[in-house]
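Trainee: Structure in structure tokens, see below.
2 protein chains.
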Amino acid sequence: PVDGRQSERALAIRRGVCRRLRAEGLATVPEVTLPSGRRADLVALCPKGGVTIIEIKSSIEDFRADNKWPDYLMHSDRFFFATGPHVPPEIFPEEAGLIVADPYGAEIIRGSEERKLAAATRKEMLIRIARAVAHRLHDLEDPEALAGGF
Amino acid sequence: PVDGRQSERALAIRRGVCRRLRAEGLATVPEVTLPSGRRADLVALCPKGGVTIIEIKSSIEDFRADNKWPDYLMHSDRFFFATGPHVPPEIFPEEAGLIVADPYGAEIIRGSEERKLAAATRKEMLIRIARAVAHRLHDLEDPEALAGGF
């Protein structure tokens, strides 16, 4: 259960993370649905097609309620938790990377192990990411797009 | 040289094409830069990762000025010209598909031959498409993204 304040915090963390990753040459896409049906909070794509998943945890409780991150490991080359400066960093597992963010930027506290996605999984992720964000932009540019056609 | 009116026409055609392709399950992305540096007017992505390029020609002159479409063939599984109802369809080469659009939708007048992109080219296109549209959405959501970081 996400209260308004928590959700605002999560958005602030997300903004800072996106800024930092963009500065590092990554393209970020929020809310990408994985093949399992779960939603990754944030996915980042490097110029060579490397896939990073970032799961945002705005509080201790938020982290404790999560049991889905092993699913994210299967769909990314690198996996990070991202949190705010008010959350103790030691609660996060060492197998995952860790980012601490405020609304203006972020610091990468711990790098992520790199796995390497199988080519077919990478292709599936690239298609998902591209289509999800394309639909979102199209909806913004032409809100009646889905009603159209002749 | 694109005058204001021509450009408005091209946008109207694009809108109709995007609506139609969306209805067919494709995700569309305008203005994608290809590895050659040329810009495709519109790229569409099917759920399996098939890449369609659509080149918009809003007038006879616009079509005649174009010598770059063979480049598009090398980066797509399917290639279409899209035009408006005021342009005679017979000016377009039969090797390409043809779409006639108004601002509300579009009709596919002629299908496109299907080539099949090499896996490496498809991967490169998927990355380009995803990153281009992700950056565009990020710029809308956080206009100061590129100025940020700490």
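Protein chains in written order, with the working numbering: chain A, 16 to 165; chain B, 16 to 165. We put the CB at the ideal spot given by N, CA and C, even for glycine.
1. Would you say ALA59/B touches the ligand NAP, meaning its beta carbon is less than 7 Å from a heavy atom?
2. If you reduce the DSSP assignment to three classes, tell me which class CYS33/B lands in.
3. Could you spell out the range, first to last residue, of the alpha helix (DSSP H) harbouring PRO85/B?
4. Does the Cβ of ARG151/B have 16 or more other Cβ atoms within 10 Å, making it buried, or fewer, making it exposed?
5. If you reduce the DSSP assignment to three classes, tell me which class ARG146/B lands in.
6. Which same chain residues, not among the five before or five after ILE71/A, have their C-beta less than 7 Å away from its C-beta?
7. Any beta carbon of chain D sitting closer than 8 Å to that of ARG151/A?
8. I'd like the span of the beta strand (DSSP E) that includes ASP56/B, first residue to last.
9. Using a Cβ-Cβ cut-off of 8 Å (strictly less than) and excluding sequence neighbours within five positions of VAL44/A, which residues of its own chain qualify?
10. Classify GLU159/B as helix, strand or coil using the three-state DSSP reduction.
11. So, are the CB atoms of HIS90/A and THR136/A less than 8 Å apart?
12. Grab the span of the beta strand (DSSP E) containing GLU122/A for me, first residue to last.
13. At the 8 Å Cβ level, is ILE28/A part of the contact set with chain B, yes or no?
14. Along the beta strand (DSSP E) that carries ARG79/B, what are the first and last residues, could you check?
15. Using the Cβ count rule (16 or more neighbours within 10 Å means buried), how would you classify ILE75/A?
16. According to DSSP, is ARG93/B part of a helix, a strand, or is it coil?
17. Among the candidates ALA160/A, GLU129/A, GLU39/A, GLU159/A, whose CA atom is the shortest distance from the CA of TYR87/A?
18. Evaluate GLY126/A with the Cβ neighbour count: other Cβ atoms within 10 Å of its Cβ, from every protein chain shown; 16 or more gives buried, anything less gives exposed.
19. Note down, in chain order, all residues in the stretch 131-143 of chain B with a beta-carbon under 7 Å from any beta-carbon belonging to chain A.
20. Would you kindly work out how many angstroms separate the C-alpha atoms of GLY99/A and PHE107/A, rounded to a whole number?
Mentor: Looking at the coordinates:
1. This structure does not include the ligand NAP; it has no bound ligands of any sort.
2. helix
3. 84-88
4. buried
5. helix
6. ALA25, ILE28, ARG29, ASP56, LEU57, ALA97
7. Here chain D cannot be found, since the structure's protein chains are A and B.
8. 54-60
9. LEU57, VAL58, ALA59, LEU60, ILE144, ALA147, VAL148
10. coil
11. yes
12. 120-125
13. no
14. Per DSSP, ARG79/B belongs to no beta strand (DSSP E); it is in the alpha helix (DSSP H), 75-79.
15. exposed
16. strand
17. GLU129/A
18. exposed
19. LYS138, LEU141, ILE142
20. 12 Å
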